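Residue numbers for the sequence shown follow this note's numbering, beginning at 646 and rising by one. We put the CB at the ideal spot given by N, CA and C, even for glycine. In this text the structure is predicted, and so the values were computed from the model without any measurement.
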Amino acid sequence: MAAARPRDPQPSSNVDSPAAVSTVKLEAALKKVSAQAAQYEHQMKDVESQLAESLSNFRAIDSLLQEAFSGLRRNAQRADHALGKQVSHITLELDSSMISLKRLADELPTIQAQVDDIRTAYDSGRNKAQSLLTDLTWLNTEFYERWRLIIFTSSSPVSWRWKLLMRLLFAISFVMFTWLTWITAWGGYRAHRGGQMWGERLMS
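Written out as structure tokens, the structure reads:
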């Protein structure tokens, strides 16, 4: 029976052994991973917060867009409704206006002729009224004033033949009056001279 081989002595615990080095590295890697995990978790929380804020903003923007879209849809419906009714109403009004304008254009010459006739009748009546007023004023004028206006002015409402006759009679009367006055004055002068001559003869 073989004698038992003596066992090797147990290795003493040394920090420089490969197992100890591997554990230290593992702990360091674990700490590093834990730190990175904590950092990633913090970053994830920041991203989650930003996503929540962005989602809230997106919901608000979506709500505003929905309201704007609803308003646009209502305005489009109102515009379509107005376009459907108002355009037809405006078209009918334009057609009626065109018919009225055409009728007025057809009636305009007749209306213009009637207006001309009314203007002519009005002017004729006004002229007759003015002539009648002039005649009445002339008839209410005294004879001497009428005679003076006929002879010395051109505003008397008588014919040119009557004016010519009255002026001719006035000229003849004036010449005869002047001639008679001259004869009377000359006769008086001769009588006066004759009296003086007879007086001188009687005195002599």
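Contact between R812 and I828 is absent: CB atoms are separated by about 24 Å, not below the 8 Å threshold. Rounded to the nearest angstrom, the gap between the Cα atoms of E787 and T823 is 26 Å. Contact between L794 and S801 holds: their C-beta atoms lie close to 4 Å from each other, under 8 Å.
If you draw a straight line from the Cα of Q684 to the Cα of A697, it comes to about 20 Å. Relative to the Cα of K808, the nearest Cα in the group W792, Q695, V760 and L777 belongs to W792. If you draw a straight line from the Cα of Q688 to the Cα of S715, it comes to about 39 Å. Straight through space, the alpha carbons of D768 and S742 are spaced by roughly 35 Å. Secondary structure at S801: coil, using DSSP grouped into helix, strand and coil. Each residue's CA atom was taken as its position, placing D691 and S699 some 12 Å apart. Under the three-state reduction of DSSP, T786 is assigned to coil, being neither helix nor strand. Between the alpha carbons of A766 and E752 lies a distance of about 21 Å. Rounded to whole angstroms, V760 and N720 show a C-alpha spacing of 53 Å. The C-alpha of R718 is placed about 30 Å away from the C-alpha of L739. Cβ contact annotation for L728 (same chain, cutoff 6 Å, sequence separation greater than five): none. Distance from the CA of W783 to the CA of K747, rounded to the nearest whole angstrom, comes to 54 Å.
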